[in-house]
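Visitor: Residue numbers (full-length UniProt numbering): 1 to 706.
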């Protein structure tokens with residue numbers, strides 16, 4: 001049988017040679033070689049995270065149990081030896097004369113560990129001997145290597161748990177111990193050289209106060225790369241380092257147990273040292289898996305017979321159902337023929353009944369609306385009714401004022417258009433005279449040319465004829481001069497009329513714009529008066545739109561179907577700050593439309609709200625919806641100058657989502673308000689000497705006034 005301690009690839013042994021009175025005999029095999037056939041089963045069983053004290057003791061007890069349980073599936077010694085020899089024979093060995101590179105211990109560092117406060121041990125790549133008096137800490141170095149490379153505290157035979165390995169003289173301020181082992185990682189057998197480089201440092205911390213007691217894998221720059229126990233086990237397996245193998249690390253207790261133990265204990269020591277125990281466990285596990293698979297196979301095979309019989313039975317039933325479907329198709333055809341025969345008779349009656357039903361539904365809907373209106377009227381308090389009446393009266397007065405302003409502007413427009421029309425008529429008359437003068441000039445030019453042609457043709461005739469023709473030419477030239485004299489004043493008059501027309505045109509356009517604006521305001525006021533009249537004694541939400549109240553009721557009734565809040569209509573959350581009522585109308589004009597809009601916070605709620613709009617037959621301008629992210633109220637700066645009000649400073653908005661919507665959509669924080677154009681220019685307009693104008697106040701972008 002081949003020995004596992006020989007034929008190791010790139011082996012470097014670290015043995016602690018101890019005097020006659022020494023406590024431990026250390027044969028630390030500082031060796032490494034990649035395993036090319038199998039993964040570490042024990043690493044998978046232990047997992048990624050280990051606890052500090054009880055888990056070390058549990059691991060030892062579990063190993064003892066595993067030793068006893070292996071006899072259940074143990075093979076013959078000859079078969080085990082043959083398999084082990086085959087595995088070991090496949091491992092590569094170091095070339096002769098080449099020093100080991102990967103897995104050799106280069107340096108050991110301990111801090112507050114056993115008897116050492118701080119100690120660093122530099123090792124060579126060959127055999128190292130550590131000697132000293134009893135109690136000098138030789139065994140502590142070996143224990144540090146074992147603890148750092150994955151062994152439990154009980155395996156060192158120096159403590160029952162990790163906390164007992166912390167130096168007692170450190171005092172109460174000591175947080176714990178730290179152990180580091182640096183391994184070479186050069187050569188082809190190195191472990192993840194692209195990650196760790198030429199050396200791998202394994203660090204283990206032992207905390208006394210419940211801190212981190214796990215492992216850290218550091219690269220050659222001492223940068224942390226992993227804390228996983230699985231990575232540590234993979235590295236040990238790659239480098240063939242076995243700290244719990246008694247052949248690799250043999251202390252005094254293990255030597256006594258081997259020398260004084262029974263034959264059975266020596267055999268157990270042998271199979272553990274040669275890894276036959278782990279191979280036997282793996283083989284037993286594989287046998288158990290094979291037996292389970294065989295049982296599953298037999299169970300599935302037995303169920304297949306019943307399944308095949310069931311398939312045949314179902315196939316026969318399927319064929320019967322196919323015949324039954326043919327009969328059902330024939331019956332269906334007969335029923336269709338019968339239905340069509342009765343259709344012609346009942347069709348007329350159905351149309352008549354549908355017409356009657358539509359009339360009844362129309363009347364029912366009308367009565368239902370009247371009933372809802374009457375019920376809502378009963379629920380209105382006196383205060384709300386007084387507020388609505390007062391608001392209706394105020395809006396009626398505003399409507400009258402707007403109507404008067406409209407009449408005045410129309411009169412001004414008519415008055416402004418009168419001279420314009422007169423100028424247009426004069427211009428038309430002058431253009432006609434100009435055209436006539438041009439026509440006469442053209443005729444005179446033509447007659448002159450004819451006369452010249454006649455003179456040229458009659459050259460050499462009598463003097464009397466020449467004198468007559470000369471007289472005709474002079475007359476034609478006089479006519480041409482008179483026509484030119486008439487054209488020049490007409491052109492000057494036309495030019496003057498055009499200048500006056502151009503001067504009047506901006507005033508006319510401004511008058512038209514004012515009339516259009518007043519008409520829009522009159523329409524808005526009339527609409528509000530109409531809404532107030534329809535909502536007097538009813539729901540006050542109707543002020544913002546005829547269908548706002550119905551939409552709000554729909555949203556409230558379906559509250560549980562919405563995933564987020566639904567805010568609206570926006571106007572219901574607005575109030576004028578006390579003392580700033582005179583700016584209410586300007587603020588409303590600055591906001592523009594949109595006080596009947598609702599706000600949702602996600603796509604699902606938006607889709608549900610759009611369905612409610614369709615159910616209420618809302619037009620494109622009624623009960624609109626905005627989608628916004630739900631968050632805290634925006635922090636906006638106060639008005640930029642003293643005495644200047646913005647829409648945001650005039651309004652008191654009770655809902656944060658409504659406030660954010662008005663800031664984003666209507667920019668209420670950058671719209672300033674003034675009672676007149678003169679006031680706005682006095683407070684906000686800045687005009688430079690170059691003629692450039694801009695608004696004072698930094699963030700103010702627009703100014704609104706009456």
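By construction, the Cβ of each residue, glycine as well, lies at the ideal position given by its N, Cα and C atoms.
Straight-line CA distance for residue 395 to residue 631?
Guide: Taking the straight line from one Cα to the other gives about 36 angstroms.
Visitor: Does residue 616 come out as helix, strand or coil in the three-state DSSP assignment?
Guide: Looking at residue 616 - three-state DSSP - the assignment turns out to be coil, as it is neither helix nor strand.
Visitor: Give the C-beta separation of residue 672 and residue 644 to the nearest angstrom, bearing in mind that I take them to be a contact with Cβ-Cβ under 8 angstroms.
Guide: Indeed they touch by this definition, with Cβ atoms about 6 angstroms apart.
Visitor: Quick check: the segment 616 to 632 against the segment 660 to 668, are there 3 or more CB pairs under 8 angstroms?
Guide: Contact holds: three or more Cβ-Cβ distances are below 8 angstroms.
Visitor: Under a Cβ-count criterion, where at least 16 other Cβ atoms within 10 Å of its own Cβ denotes burial, should residue 321 be classed as buried or exposed?
Guide: Under this definition residue 321 is an exposed residue.
Visitor: Can you tell which of 550, 636, 489 has the C-alpha that lies nearest to the C-alpha of residue 618?
Guide: Nearest of 550, 636, 489 to residue 618, Cα basis: 550.
Visitor: From the DSSP output, in three-state form, read off residue 626 for me.
Guide: Strand at residue 626.
Visitor: According to DSSP, is residue 436 part of a helix, a strand, or is it coil?
Guide: Of the three classes helix, strand and coil, the one that applies to residue 436 here is helix, per DSSP.
Visitor: Who are the near neighbours of residue 106 in its chain, counting only those whose CB is closer than 7 angstroms to its CB and skipping five residues on each side?
Guide: Hits under 7 angstroms: 123, 182, 183, 184, 199.
Visitor: Between 216, 342, 103, 145, which has its C-alpha nearest residue 251's C-alpha?
Guide: Minimum Cα distance to residue 251 is reached at 145.
Visitor: Rounded to whole angstroms, what is the Cα-Cα separation between residue 448 and residue 492?
Guide: Residue 448 and residue 492: Cα-Cα distance of roughly 27 angstroms.
Visitor: To the nearest angstrom, how far is the alpha carbon of residue 285 from that of residue 213?
Guide: Going from the Cα of residue 285 to the Cα of residue 213 covers about 32 angstroms.
Visitor: Would you call residue 586 buried or exposed, if buried means 16 or more other Cβ atoms sit within 10 Å of its Cβ?
Guide: Its Cβ being crowded by 16 or more others within 10 Å, residue 586 is buried.
Visitor: On the criterion of 16 or more Cβ atoms from any shown chain inside 10 Å, does residue 129 qualify as buried, or is it exposed?
Guide: Under this definition residue 129 is an exposed residue.
Visitor: If we ignore side chains and look at the alpha-carbon of each, how far apart do residue 29 and residue 241 end up?
Guide: Residue placement at residue 29 cannot be trusted, given a pLDDT of 37 that sits under 50; what the coordinates show is reported in the next sentence. Between residue 29 and residue 241, the C-alpha separation is close to 8 angstroms.
Visitor: Quick one: Cα of residue 413 to Cα of residue 424, how far?
Guide: Their backbone Cα atoms lie some 16 angstroms apart in a straight line.
Visitor: Can you tell me which of 119, 259, 272, 253 puts its alpha carbon nearest to the alpha carbon of residue 247?
Guide: Comparing Cα-Cα distances from residue 247 to each of 119, 259, 272, 253, the minimum goes to 272.
Visitor: Hey, residue 170 and residue 134: beta-carbon distance below 9 angstroms or not?
Guide: Contact flag unset, no.
Visitor: Counting beta carbon pairs with one atom in the segment 477 to 485 and one in the segment 436 to 446, are three or more of them shorter than 8 angstroms?
Guide: At 8 angstroms Cβ cutoff, the stretches touch.
Visitor: Going by DSSP in three states, residue 445 sits in which element: helix, strand or coil?
Guide: Correct three-state label for residue 445: helix.
Visitor: Hey, how far is the Cα of residue 399 from the Cα of residue 409?
Guide: Near 15 angstroms, if we compare the C-alpha coordinates of residue 409 and residue 399.
Visitor: Beta-carbon within less than 6 angstroms of residue 174's beta-carbon, same chain only, minus the 5 sequence neighbours each way: which residues are those?
Guide: Answer for residue 174: 112, listed in chain order.
Visitor: Could one say the Cβ of residue 407 lies closer than 9 angstroms to chain C's Cβ atoms, at least one of them?
Guide: Of the chains in the structure shown, none is chain C; there is only one protein chain.
Visitor: From residue 592 to residue 572, what distance separates their C-alpha atoms?
Guide: Computed Cα separation, rounded: 15 angstroms.
Visitor: Where residue 332 and residue 555 are concerned, what is the direct C-alpha to C-alpha distance, given to the nearest angstrom?
Guide: When rounded, the distance between both Cα atoms is 46 angstroms.
Visitor: Taking the beta strand (DSSP E) that residue 122 falls in, what are its first and last residues?
Guide: Start and end: 116 to 122.
Visitor: Assuming residue 226 is part of the beta strand (DSSP E), what are its boundary residues?
Guide: Where residue 226 is concerned, the enclosing beta strand (DSSP E) stretches over 224 to 226.
Visitor: Quick check on this structure: which residue in 287, 151, 118 has the alpha carbon closest to the alpha carbon of residue 137?
Guide: The shortest C-alpha separation from residue 137 is found at 118.
Visitor: If I follow the unbroken beta strand (DSSP E) through residue 110, where does it start and stop?
Guide: Here the beta strand (DSSP E) through residue 110 covers 102 to 113.
Visitor: Return helix, strand or coil for residue 239, following the three-state DSSP convention.
Guide: It is helical.
Visitor: Excluding sequence positions up to five away, which residues of its chain have a Cβ less than 8 angstroms from the Cβ of residue 576?
Guide: Counting only Cβ-Cβ distances below 8 angstroms, and skipping sequence neighbours, we find 583, 584, 587, 650, 651, 652.
Visitor: Thinking C-beta only, is residue 143 closer than 9 angstroms to residue 165?
Guide: In this structure, residue 143 lies closer than 9 angstroms to residue 165 by Cβ.
Visitor: Can you check which of these residues, 187, 227, 279, 210, is closest to residue 201 by C-alpha distance?
Guide: Answer by Cα proximity: 227.
Visitor: Does residue 178 pass the burial test, meaning 16 or more other C-beta atoms within 10 Å, or should it be called exposed?
Guide: Burial call: buried.
Visitor: Look at the alpha carbon of residue 255 and the alpha carbon of residue 266, and state the distance between them as a whole number of angstroms.
Guide: Going by the C-alpha atoms only, they are around 11 angstroms apart.
Visitor: Please report how far the alpha carbon of residue 601 lies from the alpha carbon of residue 312, in whole angstroms.
Guide: Their Cα atoms are separated by approximately 58 angstroms.
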